[in-house]
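As structure tokens, the structure follows; a few thoughts come after it.
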Amino acid sequence: MAKFMLIYRDKAENRTPLSPEEMQGFLGMWDAWLKQFGERIVESGDELLPTGRVLRGSGEVANGPYVEAKEIVGGYSIVSADHYEAAIEIAKECPIVKVGGDIEIRELAGHGG
Amino acid sequence: MAADVSALVEHFFRHEYGRIVALLTKSLGVREIDLVEDVVQSALSKALQTWARSGVPNEPSAWLYRTARNLAVDAFRRRQTEQRLLQTSMHSIGESAGSQTAEIRFSNEIGDESLWLLFLCCHPVITMESRIAFALKTVCGFSVDEIASSLLVSHASAGKRVIRTKEALREFGTELSELSAAAMAERLESVQSTLYLMFSEGYAASGGDQSVRTEVCDEAIRLTRMLNEQPVTATPSSAALLALMLMQSSRMDSRTDASGCVVLLAEQDRSLWNWQRIREAVDWMTRAAQGDQLSRYHIESAIAWEHAQADRFDSINWLRILAFYQRLEVMTPGPMVRLNLAIASSFAHSPAFGLRKLEQFRDDDRRRLRPWWDCAIADVFERLGRSVEAIGHLTDAHALALNTSQRQLIERKLQTLRRSAGD
């Protein structure tokens, strides 16, 4: 089975903070997602803080995370699946898409062993 | 170590928000309420991220308080390096680090910090509407959007009400140390009316998202329960207020039919009433009867109980209800009470008697009671067999309806009246 990285992309604009009630709802959805797919979620991953630096090949360092098309990477998880279609099935149930975020799905090459 | 997320009680985040905002506001002072709200919101987001992945810690409330407190300390440090000020605030927040001392000191006064914020916003310069919005935001942890949809106002005006309250509190607000038990007892009546209005706002079956509105009622009941748990505020009138809310909320599910239309009391399916709540309400009425206090809530809950006791609409004891409304009119005179009195007398005595009472209303009172007065007089005319007048008044009422569900209800009534008039 291959591993896939789910990369969570937030739209930087129009993000209203969740209300406490919505947060609890989101927490429940997340928990349900982890339970639904069990061991197929290899690593539930982490959130990325909105701070960051970008080191360019030129040696130049820019402040802030890498932002493209007003989206920044907000977190990630790693799942195991036979193929992209199966990984997409897992991602479709992820709470991130249910609250309107995008998920980029990338297969790990497996060089890390 | 970590517990399951599903182990969190319902509305845990919402209620923790209110509790911790109150605790930190108490330490830092009401002037810092914006900062406090920010750090509590951040602490909850942190919890969301952490708990989703590694489970809920053993003492989630303590975890949240600690996190919010640390964020507040960080914010103060940052500000302090900028200003080299606020030493005293740092001290006070340091002292309440374990929160134990603060809680113990507080429990002598009123016991629940959320209640303290409620007493704070019940200041005479703050309007009732603003108090409710502020209480929902700060004490109950609703977002501005949730307040807007539960009170059926725009996002902008819900937000404005909260901001206005905070501004007034910054200017006129009392700090906890200054709010003595005596001052609290003095404000109790105004806290009770705020809670009752909050309940009524949620209870009014007038569109919007019904589930959010039910939560407003639940929050009002929760806060009123708190009032009844504290020595200073557990008065007979607080018990009567809780009885009244429980009694009314027992009918919540039978007030609308499957399609969301309003069902009148006379047509409600009484088996749908929440009898467990009614029994609890009766217990609170018994408690309210201990003491020599008689409040409007005593009488109003007694009226609600009269309605609940009858197994059908026909067997309601209208004479007793009429007597209660007469006492209520002495206690809290106003057009709405007089309208209810007229309706009760039309059942207790005769429709003709009720009609005379209704016709005595002055024009400005009729206007203020739109469309209730028009509906009431139409009903009396209908019972007198004078369907032409009934249809006339209902047509007025239809034009004056405050919302769609009211309009639908009047429309249905008009249709049946026209049909029978045509026969």
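Each protein sequence line maps, in turn, to chains A and B.
Read in order, the letters of the first sequence correspond to residues 1 to 113 in the numbering used here.
Read in order, the letters of the second sequence correspond to residues 114 to 536 in the numbering used here.
We treat Cβ as the ideally placed atom computed from N, Cα and C, and that holds for glycine.
- Per DSSP, ILE245 (chain B) lies in no beta strand (DSSP E); the unbroken alpha helix (DSSP H) holding it starts and ends at 241 to 247.
- If the five residues before and after SER77 (chain A) are omitted, its C-beta is found closer than 7 Å to the C-beta atoms of LEU6, ILE41, GLU43, SER44 and GLY45, all from its own chain and listed in chain order.
- One Cα belongs to ASP31 (chain A), the other to ALA165 (chain B), and the distance between them is close to 6 Å.
- Counting along the chain, the unbroken beta strand (DSSP E) around GLU71 (chain A) starts and ends at 71 to 81.
- Contact between the region 387 to 397 of chain B and the region 448 to 467 of chain B is absent, with fewer than three C-beta pairs closer than 8 Å.
- LEU121 (chain B) places its beta carbon less than 8 Å from that of GLN24 (chain A).
- Contact between the region 341 to 359 of chain B and the region 396 to 415 of chain B is present, with at least three C-beta pairs closer than 8 Å.
- Taking TRP486 (chain B) as reference, the option from B:ILE260, B:ILE523, B:SER463 and B:TYR178 with the minimal CA-CA separation is B:ILE523.
- With its beta carbon at least 8 Å from every one in chain B, GLU60 (chain A) lies outside the interface.
- The three-state reading of DSSP puts PHE474 (chain B) in coil, since its state is none of H, G, I, E or B.
- Between ARG182 (chain B) and LEU228 (chain B), the beta carbon gap of about 21 Å keeps them out of contact (Cβ cut-off 8 Å).
- Taking 8 Å as the threshold, the shortest C-beta distance from PRO20 (chain A) to chain B falls below it.
- Among the residues facing chain A, LEU497 (chain B) is not included, as its CB has no counterpart in that chain under 8 Å away.
- In this structure, DSSP gives ALA371 (chain B) a state outside helix and strand, which the three-state scheme calls coil.
- Comparing alpha-carbon positions, the option among B:TRP388, B:ILE245, B:HIS411 and B:THR278 lying closest to GLU332 (chain B) turns out to be B:ILE245.
- The beta carbon of ALA491 (chain B) sits closer than 7 Å to those of ALA503, HIS506, LEU507 and ALA510, all from its chain and outside the five residues before and after it, given in chain order.
- The Cβ of LEU6 (chain A) sits no closer than 8 Å to any Cβ of chain B.
- Contact of GLU259 (chain B) with chain A by beta-carbon distance below 8 Å involves SER19 and GLU21.
- Looking from the CA of ALA455 (chain B), the closest CA among B:GLN521, B:MET444, B:THR445 and B:GLN439 belongs to B:GLN439.
- Contact between the region 290 to 307 of chain B and the region 231 to 243 of chain B is present: three or more C-beta pairs spanning the two stretches fall below 8 Å.
- For TYR8 (chain A), the uninterrupted beta strand (DSSP E) segment begins and ends at 2 to 11.
- Annotation for ASP258 (chain B): the continuous alpha helix (DSSP H) segment containing it runs 257 to 264.
- GLU107 (chain A) and ILE96 (chain A) have their C-alpha atoms roughly 19 Å apart.
- Interface residue (Cβ-Cβ distance to chain A less than 8 Å): GLY254 (chain B) is classified as such.
- Scanning B:PHE426, B:GLY498 and B:ASN516 for the CA closest to the CA of SER384 (chain B) turns up B:PHE426.
- At a cut-off of 8 Å, the C-beta of SER80 (chain A) has no neighbouring C-beta in chain B.
- Our two residues, GLN521 (chain B) and ASP382 (chain B), have alpha carbons roughly 19 Å apart in a direct line.
- The Cβ neighbour count for THR517 (chain B), taken over all protein chains shown within 10 Å, is under 16; the residue is labelled exposed.
- Against chain B, the CB of ASP102 (chain A) has no partner CB under 8 Å away; the residue lies outside that interface.
- Annotation for GLY75 (chain A): TYR8, GLY45, ASP46, GLU47 and LEU48 place their beta carbon closer than 7 Å to its own, counting only its chain and skipping 5 residues before and after.
- Put simply, the CB of GLN36 (chain A) is far from chain B, with every gap to its CB atoms at 8 Å or more.
- Within the region 142 to 201 of chain B, the complete alpha helix (DSSP H) segments at least 4 residues long are 146 to 167 and 173 to 196, listed from N- to C-terminus.
- In the DSSP assignment, ALA347 (chain B) falls outside any alpha helix (DSSP H), carrying neither H nor E.
- Residue burial is scored here from C-beta neighbours: GLY112 (chain A) has fewer than 16 other C-beta atoms within 10 angstroms and is therefore classed as exposed.
- Using a Cβ-Cβ cut-off of 8 Å, SER267 (chain B) does not count as an interface residue toward chain A, since no Cβ of chain A sits closer than that to its own.
- Secondary structure of ARG425 (chain B) (DSSP, three-state): coil.
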